[in-house]
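> Residue numbers are given in my numbering: position 345 of the sequence shown equals residue 334, and the series is strictly consecutive. Note that CB positions come from ideal geometry on N, CA and C, so glycine has one too.
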Amino acid sequence: MKGIIDKLPHLPDRISGLRELAYNLWWSWHPEGRGLFKLLSRRGWFLSGHNPVKMLNSLDKTTLESASNDPHFLRHYDSVMERFESYMDLSAGWFCANVADPRRYRIAYFSAEYGLHHALPFYAGGLGFLAGDYLKECSDLGIPLIGVGFMYPQGYIRQMITPDGWQAGACEILDRESAPIRRVLDKKGDPLSLKIPVIDPPVYLEVWKVQVGKTDLYLIDSSTEANEPENRCISERLYAGDPEKRLRQEIVLGIGGIRVLKALNIDYSIMHLNEGHPAFAVLERIREKVEAGKSFRDAFEEVQATTIFTTHTPVPAGHDVFPIHLIEKYFLSYLPSLELDKNDFRKLGFNPADPGGFNMTAFALRCSAYRNSVSKKHQDITRRMWQSIWPDLPADQVPIDYVTNGIHVPSWIDRRLGDIIFNRYLGRIWLEEHDRERIWEMIDEIPNEVLWKHHMSMKNLLITRIRERARQKWLDPSRSDSSLIMASGVLLDPPVLTLGFARRFASYKRPALLLQDIERLKRIVNDIWRPVQIIFAGKAHQDDQNSKLLLQRVFSAAKDPTFGGRIAFVEDYDELLAQYLVHGVDVWVNNPIPPMEASGTSGMKATLNGVPQLSVLDGWWIEGYNGKNGWAFEGQAGSNIDAKDAKIIYDILEEKVIPAYYDVDNEGIPHGWVQMMKEAIKVTGPRFSARRMAKEYTQKFYLRALETAMKSDYQLGRKDISDFFSKI
Ligand SMILES: *Cc1c(COP(=O)(O)O)cnc(C)c1O
-10 MKGIIDKLPH LPDRISGLRE LAYNLWWSWH PEGRGLFKLL SRRGWFLSGH
40 NPVKMLNSLD KTTLESASND PHFLRHYDSV MERFESYMDL SAGWFCANVA
90 DPRRYRIAYF SAEYGLHHAL PFYAGGLGFL AGDYLKECSD LGIPLIGVGF
140 MYPQGYIRQM ITPDGWQAGA CEILDRESAP IRRVLDKKGD PLSLKIPVID
190 PPVYLEVWKV QVGKTDLYLI DSSTEANEPE NRCISERLYA GDPEKRLRQE
240 IVLGIGGIRV LKALNIDYSI MHLNEGHPAF AVLERIREKV EAGKSFRDAF
290 EEVQATTIFT THTPVPAGHD VFPIHLIEKY FLSYLPSLEL DKNDFRKLGF
340 NPADPGGFNM TAFALRCSAY RNSVSKKHQD ITRRMWQSIW PDLPADQVPI
390 DYVTNGIHVP SWIDRRLGDI IFNRYLGRIW LEEHDRERIW EMIDEIPNEV
440 LWKHHMSMKN LLITRIRERA RQKWLDPSRS DSSLIMASGV LLDPPVLTLG
490 FARRFASYKR PALLLQDIER LKRIVNDIWR PVQIIFAGKA HQDDQNSKLL
540 LQRVFSAAKD PTFGGRIAFV EDYDELLAQY LVHGVDVWVN NPIPPMEASG
590 TSGMKATLNG VPQLSVLDGW WIEGYNGKNG WAFEGQAGSN IDAKDAKIIY
640 DILEEKVIPA YYDVDNEGIP HGWVQMMKEA IKVTGPRFSA RRMAKEYTQK
690 FYLRALETAM KSDYQLGRKD ISDFFSKI
C-alpha cells in the first residue's frame, strides 16, 4: 500500500487518534465527531469554518497538551474513538451481511464532482451532492465502493454581488494543507506521479485521497509543476467551457482515473459511471485487458458486462458532444493499443438522432450493460431521447432502467430534529432503520406544538445567520453599501411565512419566475395581516451571462424598497447555507421547466426536515407528491409558459399556502400546516433516502454485474465463488 502524508502538527500520544478522525469525513455526518472537536476548542472550530484539519493546524501546543490531560475531554475522546473505530470495521454493514466479502469485490465509481462538505469545494451543484451523498451512504451500508474524481484547486467561486447586482465571483484557491485531504505517496515517499498517454505533451498526475467513512475517494490533480503550463490547469475548475479543454478534462478523468487505480494496485470488478464525463474510463479498462492478451471483442464484452452508467441529463443540449477532429487529434495514437479501429470507435459515440460528433452519452450507453436514469419521469424522457440507439425497440422497452435519486439522511437531517425529537418519538433505532416506512408512521406521535416549536427555532437560527452575514458585510468598508445590506435579508422577520428558493441560477430552473408579475407579487408579500417573505440564494456559472442577468433581476427586487425588505438575496450559496435554508424556511419552491429537472434533490432535503415543497410536477416530485405533503401543479404548455406557471404559483400561494400557514390556534400553532410538515417527513424519510437508492443500485445492478465478474474469475480458476453464490 502506498503511503499518504499530512502536515498536521505532532499531537500528544494520548489523543493522537484525532489525526485520523480529522481526516475522515465521518465527523461530517456524526454529530459526536464534530462535538469532540468543538469540545477541544469552540473558537477554533468556528474560526476554521468547521474544518478539523485547519483547526488542529492552528491550535497551540498548550491547548493540545492540556486536552490530553483533561479527564473530561478524555472521556469524550475515548467514547468517540470507540464509536469511530467500530464504525470503520470493514466486515460490518448491510452489504457484508447480505451480499459478499467487500474486500474482494469492489466497485470503482467515477464522477466529475463530489459535494461532501463546505470545506471541500469539489462540486457545482446537484450532481456533485448526489455523488457525495452516495459515497457516504455506501460507507454506512458497507458497500465496497472506491470513488474517483478531480481535485479542483480553484473549485470555489466566492460569490460577491456588486451594488448593481452583478455576480463578480472571486476564485478561491483551495488551501490543500488545511483541508481534510491527503496527498498519496509512492514507495519512495515522494508524491505519487503518473503519466497519461493520449495527450501530447503527456500529462502528469498526482493523487489526493479523501477518506469518506469507509469509502476511499481518490482525486486527480494535474496542477503539478511537472506539467506544461497549459496542462496544469486541466483540473483547474469544473466543466471547462472550451470544447478542447473539456475533452482533455474528460480524458484525464476517465483514462487517468483507471491509471490511478492501477498505480495504487486497487482491484475492482465493477465500474459505475456517474454521468458521461468519465466515460473514457471504459477505453482504458479495455486496453488493460487487451494488453493482457484478450481480443478487443472479448475485452469489450467483459467491460460492458460489468459497467453501470447513470445518466442525469434530460435535455439533448446538456450532453457532451465533441467534434470528430478533436477526437481524432487525441485518440488516433491511442486506439491501436486497444486494437480498436477509428471508425468503430466513432460508431460507439455516434448519436443517430444528431449525427456529426462524438456523443459521450451515446458512447456510455453502448459501453455499459446497466443503464439508468434518475427518476421515473426521467426514464420516459431518456428512453425517448436515446431510442435511436435501439431502433428495433419501442420506446417503452429501451433498456434504460431508473433509480430515483435520494439524499443521505444523516447529512441532511437537522441534528436536533433527529437526536431529540425523532429519537424520542420514533425510537433510537430510527436512523439505523430509516429506509423502512414503518418507522416513519410514528411521526404522528410527535405533538404538533413540539414540531412547530422546533421549526420556529430553526427559522430563527436561519434568520440570525443571514443577519450575521449582513453584519460582516456592513463591517467591511469595501462592501458596506447600504443597498447591498438591505438586499441581503436584514429585514427578514421570523413569524412571517418564508419561501425559500436556493439553487444554481441555471435558466431552466427559472430563478426569476416568482418575479413574473411584480405588482401581484408586491401585493402578496406586502399584505399587512398575512405577509410573505422570500429568500433567494444561488450561484450563476462564471461563463453564463444569461444566468448572471437572471441573478441581477432577482437582486434588484431584493433591493427594491417597494418590496419592503421582504425579498432577500443571500450571497454565496454553499453546503452550509443550504443546511440552514432546508432546515429553516417554511416552504421550498421549485419551478424548473418540465421535463428538465431529471430528479432534483434540494426539495428532498427540505421535506425531510418538515419543510413542504411547492413544485411543478417534474423530476422526483411526480413520485413524491401525495396531495398531503406540499403543493403541485402541472407545467403549462404552449406559449408564455412562464406567465402561466407564475400565475398558477400566485394562485396556489393565495388560495392554499398563505391561508394554511396563518390558520393558527390560540397558542399560535397552525395545526393543519404541521400535519403537512409531518406528511412531508413521512414520505421523504424512507423513500427518497440515499439508503433506498444505494440498496436499489446494489440489487438491480451491482449484484448482477458481480455475478458476471465472478463467473469470469471462476472460469480462470482464480477465485473460489461457491460461498458467494449461495448468498445471493
Ligand atoms: C442539494 C444541493 C444542490 C442540488 O439542488 P437541486 O435543487 O436539486 O438542484 C445544489 N447545491 C447545494 C449546495 C445543495 O446542497
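1. Out of Val514, Glu421 and Pro218, which has the shortest C-alpha to C-alpha gap to Tyr193?
2. Residues in the same chain with beta-carbon distance under 8 Å from Ser5, minus the five sequence neighbours each way, listed in chain order, please.
3. To which residues does DSSP link Tyr193 through a beta bridge?
4. Cβ of Glu560 within 7 Å of any heavy atom in ligand 1?
5. Could you tell me how far apart the beta carbons of Ala526 and Ala491 are, in whole angstroms, since I believe they sit closer than 8 Å?
6. For Gly158, verify whether its CB is less than 7 Å away from any heavy atom of ligand 1.
7. In the segment 82 to 167, which residue ranges form an unbroken beta strand (DSSP E) of at least 3 residues, counting only runs that do not cross its ends?
8. Round the Cβ separation of Pro180 and Trp429 to the nearest angstrom and send it over; I've been treating them as touching at under 8 Å.
9. Look up Asn46 in the DSSP assignment and say whether it is helix, strand or coil.
10. Using a threshold of 7 Å, is the CB atom of Glu126 nearer than that to any non-hydrogen atom of ligand 3?
11. Buried or exposed, going by whether 16 or more other CB atoms sit within 10 Å of the CB of Asp309?
12. What's the C-alpha gap between Arg237 and Ile188?
13. Output needed for Leu25: all residues of its chain with C-beta closer than 6 Å, excluding positions within five of it in sequence on either side, in chain order.
14. Quick check: the Cα distance between Lys(-4) and Ala252, rounded to an integer number of angstroms?
15. Specify, as a first and last residue, the run of the alpha helix (DSSP H) that His444 falls within.
16. Using only CA atoms, which one of Leu538, Ala547, Asp532 and Ala476 lies nearest to Leu510?
17. Within a Cβ cutoff of 8 Å, which residues of the same chain sit near Val292, ignoring the five residues on either side of it in sequence?
18. If the criterion is Cβ atoms closer than 8 Å, does the pair Asn618 and Pro601 meet it?
19. In three-state DSSP terms, what is Gly619?
20. Using 8 Å as the threshold, is the C-beta distance between Leu134 and Leu119 below it?
21. How would you label Ser477, buried or exposed, when you count the other beta carbons within 10 angstroms and need 16 or more for buried?
22. Which word fits Thr687, buried or exposed, when buried means at least 16 other C-beta atoms lie within 10 angstroms of its C-beta?
23. Is Lys366 near ligand 1, judged by its Cβ being under 7 Å from some heavy atom?
24. Just to confirm before moving on: does the CB-CB distance between Met585 and Pro303 stay below 8 Å?
25. Going by DSSP in three states, Ile729 sits in which element: helix, strand or coil?
26. Start and end of the alpha helix (DSSP H) containing His266?
27. Going by DSSP, what residues sit across from Asp516 in a beta bridge?
28. By Cβ distance below 6 Å, which residues in the same chain neighbour Arg519 in space, the five residues on each side in sequence not counted?
29. Would you say the beta carbon of Thr590 comes nearer than 7 Å to a heavy atom of ligand 1?
30. Excluding the 5 residues preceding and the 5 following Asn216 in the sequence, name in chain order all residues of the same chain whose CB lies nearer than 7 Å to its CB.
31. Alpha carbon to alpha carbon, how far is Gly38 from Trp419?
32. Please classify Ile637: does DSSP put it in a helix, a strand, or coil?
33. Between which residues of its own chain and Tyr94 is the CB-CB distance below 6 Å, once the five residues before and five after are set aside?
34. Can you find the residues in the same chain that come closer than 6 Å, C-beta to C-beta, to Arg707, ignoring five residues on each side of it along the sequence?
35. Per DSSP, which residues does His261 bridge with? Please list them.
36. For Phe111, is the beta carbon positioned less than 7 Å from some heavy atom of ligand 1?
Reading off the structure:
1. Pro218
2. If we look at Ser5 and ignore the five residues flanking it on each side, it has no Cβ neighbours.
3. Paired residue(s): Lys184.
4. no
5. 4 Å
6. no
7. 96 to 100, 103 to 106, 109 to 111, 134 to 139, 145 to 147 and 159 to 161
8. So it is not a contact: roughly 48 Å between Cβ atoms.
9. Here DSSP, grouped into helix, strand and coil, assigns Asn46 to helix.
10. The model depicted lacks ligand 3 and carries ligand 1 instead.
11. Within a 10 Å sphere around the beta-carbon of Asp309 sit 16 or more other beta-carbons, which makes this residue buried.
12. 8 Å
13. His65 and Val69, listed in sequence order.
14. 24 Å
15. Here the alpha helix (DSSP H) through His444 covers Asn437 to Leu464.
16. Ala547
17. Met260, Val271, Arg274, Ile275, Lys278 and Cys356
18. yes
19. strand
20. no
21. buried
22. buried
23. Incorrect: Lys366 has no Cβ contact closer than 7 Å to ligand 1.
24. yes
25. Because residue 729 is not part of the residues shown, which for the chain are -10 to 717, the question remains open.
26. It is not in any alpha helix (DSSP H) - His266 carries neither H nor E in the DSSP assignment.
27. DSSP lists no partner for Asp516.
28. So the list reads Ile647 and Tyr651, once near-sequence residues are dropped.
29. At least one heavy atom of ligand 1 falls within 7 Å of the beta-carbon of Thr590.
30. The residues are Val192 and Tyr193.
31. 30 Å
32. helix
33. Ser258 and Leu695
34. For Arg707, the pLDDT reaches just 48, beneath the cut-off of 50, and the residue's location in the model is therefore unreliable, although a value from the coordinates is still provided. Within the same chain, Arg707 has no close Cβ partners at all.
35. Tyr98 and Ile297
36. no
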